[in-house]
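Okay, so here's the structure we're looking at.
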Amino acid sequence: MARIYWTAEASGQLAGLDDRSQQAIRRRVEILADFPYAGVALKRDWEGFRKLSAAPLPWITIYTVRDAETVIVGYLRHARSRWETR
145 MARIYWTAEA SGQLAGLDDR SQQAIRRRVE ILADFPYAGV ALKRDWEGFR KLSAAPLPWI
205 TIYTVRDAET VIVGYLRHAR SRWETR
């Protein structure tokens with residue numbers, strides 16, 4: 145089972161959301177403890193990161209897997225924002 149760590153930036157972004165959204169995102173991220181590679185691998189500027197949707201909420205969790213035992217949540221992004229280089 146992998147340990148999940150949140151960066152200060154990701155924690156701050158999460159804290160800025162309403163309680164319902166925070167709980168839903170945390171529940172979704174907990175899946176990564178058992179399945180760290182569940183998210184989609186990113187490319188280009190985001191190589192080495194993965195994204196995990198918090199659907200039906202419009203939030204994407206961006207994280208990296210350091211080894212099979214360590215998941216680091218780096219960012220939360222709104223699905224409609226232009227965070228990914230095209």
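Just so you know, we're using this note's numbering here: the sequence shown kicks off at 145 and counts up by one.
From the three backbone atoms N, C-alpha and C, an ideal C-beta is built for every residue, glycine too.
Determine the direct distance from the alpha carbon of residue 198 to that of residue 172, and round the result to whole angstroms.
-> About 6 Å.
Touching by the beta-carbon criterion (3+ pairs, under 8 Å), the region 158 to 172 and the region 198 to 213 | yes
By the 10 Å Cβ neighbour count, where 16 or more other Cβ atoms means buried, how is residue 167 classified, buried or exposed?
-> exposed
Exposed or buried, which one is residue 217 when buried takes at least 16 other CB atoms within 10 Å?
-> Taking a 10 Å sphere around the C-beta of residue 217, we find 16 or more other C-beta atoms and assign the residue as buried.
Where do the N-terminal and C-terminal ends of the alpha helix (DSSP H) with residue 156 fall, by residue?
-> 152 to 159
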